[in-house]
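> Residue numbers (our numbering): 2 to 561.
Next up is a structure, given as structure tokens.
Structure (structure tokens):
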């Protein structure tokens, strides 16, 4: 059978066997948590007289043959094997049964530990170490952090040597608290020393496991990026958004330092809407009164490699989409970007293990920091000074389908939104009185229909000079693809001597535009459903105008 080499950061689906190629050692540790493996690797490097150690990711031991190979070549010729399994015996049934049986036969001590902080009697019954040692090893890994990782190795070494002396008990790490780069766990008073007086507060929420292990690189990069934009980052680690102590900690911090924007890096959903009182820990702390009505953006710390993200047409894989996109939307969180990916930081020769950890993607970190600054600025901008764009759907690109919507009267809804904006203090003079007036104004100007565009007046214009200034800022490779597909800007059918004719109406600080087509003179299905079709110049001109000529703070899409 074909054997694969283990690839750091990749989540093996178990379809093919993997040979880890490890040799025996005093201590073997199996874990599905890359951060835990990284912490143990770092602790061993700092420990004088450290035991021989092998580290392996359980995700590479999902195929039965992978298990059999590792037992034969490494585990049964070692002295102590520790497997930390999240999900209990049922999650890794074959592996646990085989390790327990073969290690018992070989006289090798075995500790099957829960992957979380909940006791598991089934795992204990598979273990052959004394109960006190089992609980001590488990506690070190549950609490995590550099000190507990060192204690774990020292305790295991004492067990292997048959000594009675043991290191101190596990040092608890707060279930939730504040963090700062270079300082570790800290408090709000110390955090404020790094802030700018009066600047917007931005909580950055992430899992406690990143503090326990070695996964803080993306958090540190994001904190620095926010500081450069004169924002006040408030990094908060939590056990989860359902943990009562974590919820209480967030609410207390939000009351002490009201947030303007919240960046959340935890996965899944709380399943509790704002104001829901289903018991302690059941409410959503990011949507409660203490959260100051701050918009919540979802950060993705991807479990995949950066290479798979770049090469895959879908970007994020199914696991990340479920955990970090679809489920967080249930809580009303808005997707930002994937700011980090799993990858090999280095191959640890001493543990014969590729150490994978989260590595920040710089341009995505900068994008999220810019997005955060924009939303913080928007919250502090008076309604009368805010610029808003409403973009109406148009598919297929015929005038008979202008402002279409599935289950929505888009023209009437748009007029209603204009009215609500005016009532809220936005500057919306001369807005259409009804949907008929809105549609007459749109159809009097240029639309996506090419047949009589030159006969229509109205709409907004973007000069070719202004277009070129914005267009030239795009990467050369993107510009080359656009020109290979659509030609020069001047040849675009929406361009004329006075620039691009855009289907945009302006009512003071609010504009209403028709979504431009992603192409012209091609199959409409390709226009909307081809993921690799580059947009034509007029499409870019539409959004250049919204961004630069109008300076829109927010773009709201209306309709299908």
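Cβ atoms here follow ideal geometry from the backbone N, Cα and C, with glycine treated the same way.
No experiment lies behind these values; they were computed from the predicted model shown.
Three or more C-beta pairs closer than 8 Å, one from the region 374-393 and one from the region 53-65: is that the case here?
No, the region 374-393 is not in contact with the region 53-65.
> Run through the DSSP bridge pairs and tell me what residue 354 is partnered with.
On the chain shown, position 353 is the one that residue 354 refers to. According to DSSP, which records beta bridges pairwise, residue 354 is partnered with 349.
> Expressed to the nearest angstrom, what Euclidean distance is found between the alpha-carbon atoms of residue 265 and residue 438?
In the chain shown, counting from the first residue as 1, residue 265 sits at position 264. In the chain shown, counting from the first residue as 1, residue 438 sits at position 437. Taking the straight line joining both Cα atoms gives about 43 Å.
> Would you kindly work out how many angstroms separate the C-alpha atoms of residue 386 and residue 417, rounded to a whole number?
Position 385 of the chain shown, counted from the start, is the residue given in the question as residue 386. Position 416 of the chain shown, counted from the start, is the residue given in the question as residue 417. Using only the alpha carbons, I get a separation of about 20 Å.
> Which whole runs of the beta strand (DSSP E) in the region 141-166 are 3 residues long or more, in chain order?
Those beta strand (DSSP E) runs which fall completely within the region 141-166 and span 3+ residues do not exist here.
> How is the beta strand (DSSP E) around residue 565 delimited, first residue to last?
With the chain covering only 2 through 561, there is no way to say anything about residue 565.
> Please state whether the Cβ-Cβ distance between residue 490 and residue 468 is less than 8 Å.
For the purposes of this step, residue 490 is taken as the residue at position 489 of the chain shown. For the purposes of this step, residue 468 is taken as the residue at position 467 of the chain shown. In contact: residue 490 and residue 468 (Cβ atoms closer than 8 Å).
> In this structure, how does DSSP classify residue 595 when only helix, strand and coil are distinguished?
With the chain covering only 2 through 561, there is no way to say anything about residue 595.
> Is the Cβ-Cβ distance between residue 359 and residue 300 less than 8 Å?
Counted from its first residue, the chain shown places residue 359 at position 358. Counted from its first residue, the chain shown places residue 300 at position 299. Cβ atoms of residue 359 and residue 300: not closer than 8 Å.
> Looking at the structure shown, is residue 415 part of a helix, part of a strand, or coil, going by DSSP?
By 1-based counting over the chain shown, the position of residue 415 is 414. Three-state result, residue 415: helix.
> Taking C-beta to C-beta, are residue 471 and residue 549 nearer than 8 Å?
Looking up residue 471 in the chain shown gives position 470. Looking up residue 549 in the chain shown gives position 548. Result yes, Cβ atoms of residue 471 and residue 549 sit closer than 8 Å.
> With a cut-off of 8 Å on the beta carbons, I'd call residue 379 and residue 226 a contact; round off their distance for me.
Locating residue 379 in the chain shown gives position 378, where the first residue counts as 1. Locating residue 226 in the chain shown gives position 225, where the first residue counts as 1. Residue 379 to residue 226, Cβ: 19 Å. No contact.
> Decide if the region 39-53 is in contact with the region 144-162; the criterion is three or more beta carbon pairs, one per stretch, under 8 Å apart.
They touch, by the three-pair rule.
> DSSP three-state label for residue 172, please.
Residue 172 sits at position 171 when you count from the first residue of the chain shown. Correct three-state label for residue 172: coil.
> For a test of the three-state rule: what should DSSP assign to residue 375, helix, strand or coil?
Position 374 of the chain shown, counted from the start, is the residue given in the question as residue 375. Residue 375 falls in the helix class under three-state DSSP.
> When you compare each of 234, 230 and 218 to residue 224 by their alpha carbons, which one comes out closest?
Within the chain shown, the letter at position 223 stands for residue 224. For residue 224, the nearest C-alpha among the options comes from 234.
> Quick check: residue 256 and residue 291, are their CB atoms within less than 8 Å of each other?
Stepping through the chain shown from its first residue, residue 256 is reached at position 255. Stepping through the chain shown from its first residue, residue 291 is reached at position 290. Contact: yes.
> Which class does residue 512 belong to by DSSP, given the choice of helix, strand or coil?
For this step, residue 512 is matched to residue 511 along the chain shown. Three-state DSSP puts residue 512 in a strand.
> Tell me whether residue 1 is buried or exposed, calling it buried when 16 or more other Cβ atoms sit within 10 Å of its Cβ.
The first residue shown for the chain is 2 and the last is 561, placing residue 1 beyond what the model contains.
> Give the straight-line distance between the Cα atoms of residue 195 and residue 116, rounded to the nearest whole angstrom.
Locating residue 195 in the chain shown gives position 194, counting from the first residue. Locating residue 116 in the chain shown gives position 115, counting from the first residue. Going from the Cα of residue 195 to the Cα of residue 116 covers about 36 Å.
> Mind checking whether residue 450 and residue 398 have CB atoms under 8 Å apart?
Counting from one through the chain shown, the residue named residue 450 turns up at place 449. Counting from one through the chain shown, the residue named residue 398 turns up at place 397. Yes, Cβ-Cβ distance for residue 450 and residue 398 is below 8 Å.
> Could you give the distance in angstroms between the alpha-carbon of residue 522 and the alpha-carbon of residue 541?
Here residue 522 corresponds to residue number 521 of the chain shown, with the count starting at 1. Here residue 541 corresponds to residue number 540 of the chain shown, with the count starting at 1. If you take the alpha carbons of residue 522 and residue 541, they lie about 17 Å apart.
> Give me the Cα-Cα distance between residue 276 and residue 295, rounded to the nearest whole angstrom.
The sequence position of residue 276 within the chain shown is 275, counting from 1. The sequence position of residue 295 within the chain shown is 294, counting from 1. Model confidence at residue 276 stands at a pLDDT of 45, short of 50, so the residue's coordinates are unreliable; what they give is reported in the following sentence. Cα to Cα, residue 276 sits roughly 15 Å from residue 295.
> Between residue 349 and residue 357, what straight-line distance do the alpha-carbon atoms span, to the nearest angstrom?
In the chain shown, residue 349 corresponds to position 348, counting from 1. In the chain shown, residue 357 corresponds to position 356, counting from 1. Distance between the alpha carbons of residue 349 and residue 357: 10 Å.
> Tell me the residue span of the beta strand (DSSP E) that contains residue 559.
Taking the chain shown and counting its residues from 1, the one referred to as residue 559 is at position 558. It spans 555-559 - the beta strand (DSSP E) in which residue 559 sits, taken as one unbroken run.
> Pick from 341, 27 and 503: whose alpha carbon is nearest that of residue 162?
Counting from one through the chain shown, the residue named residue 162 turns up at place 161. Closest by alpha carbon: 27.
> When DSSP labels each residue in this structure, what does residue 593 get in the three-state scheme?
The shown model of the chain, from 2 to 561, leaves out residue 593, and the question about it has no answer.
> I'd like the list of long-range same chain contacts for residue 500, defined as Cβ closer than 6 Å, with 5 residues on each side in sequence excluded.
As a working mapping, residue 500 is identified with position 499 in the chain shown. For residue 500, where only same-chain residues beyond five positions count, the Cβ hits under 6 Å are 462, 463, 464 and 465.
> In three-state DSSP terms, what is residue 17?
Looking up residue 17 in the chain shown gives position 16. DSSP places residue 17 in coil when its eight states are reduced to three.
> Output yes or no for whether 8 Å exceeds the beta carbon distance between residue 546 and residue 483.
The residue given as residue 546 occupies position 545 in the chain shown. The residue given as residue 483 occupies position 482 in the chain shown. Contact flag unset, no.
> Mark residue 492 as exposed unless 16 or more other C-beta atoms lie within 10 angstroms of its C-beta, in which case mark it buried.
What you label residue 492 is simply residue 491 of the chain shown in a count that begins at 1. Under this definition residue 492 is an exposed residue.
> Can you name, in chain order, every residue of its own chain whose Cβ lies under 7 Å from the Cβ of residue 112, other than the five neighbours on each side?
Numbered from 1 along the chain shown, position 111 holds the residue referred to as residue 112. 83, 128, 130, 135 and 138.
> Here's the rule I'm using: 16 or more other beta-carbon atoms within 10 Å means buried, otherwise exposed. How should residue 141 be labelled?
Here residue 141 refers to the residue found at position 140 of the chain shown. Buried, by the Cβ-count rule.
> Is the CB-CB distance between residue 214 and residue 39 below 8 Å?
As a position in the chain shown, residue 214 is number 213, starting the count at 1. As a position in the chain shown, residue 39 is number 38, starting the count at 1. Against a cut-off of 8 Å, the Cβ pair of residue 39 and residue 214 comes out as a contact.
> My output table needs one value for residue 539: the three-state DSSP class, helix, strand or coil.
What you label residue 539 is simply residue 538 of the chain shown in a count that begins at 1. Helix, per DSSP.
> Assuming residue 361 and residue 222 form a contact by the criterion Cβ under 8 Å, report the distance between their Cβ atoms to the nearest whole angstrom.
Along the chain shown, one-based indexing puts residue 361 at 360. Along the chain shown, one-based indexing puts residue 222 at 221. Going by Cβ atoms, the distance from residue 361 to residue 222 rounds to 4 Å, so yes, they are a contact pair.
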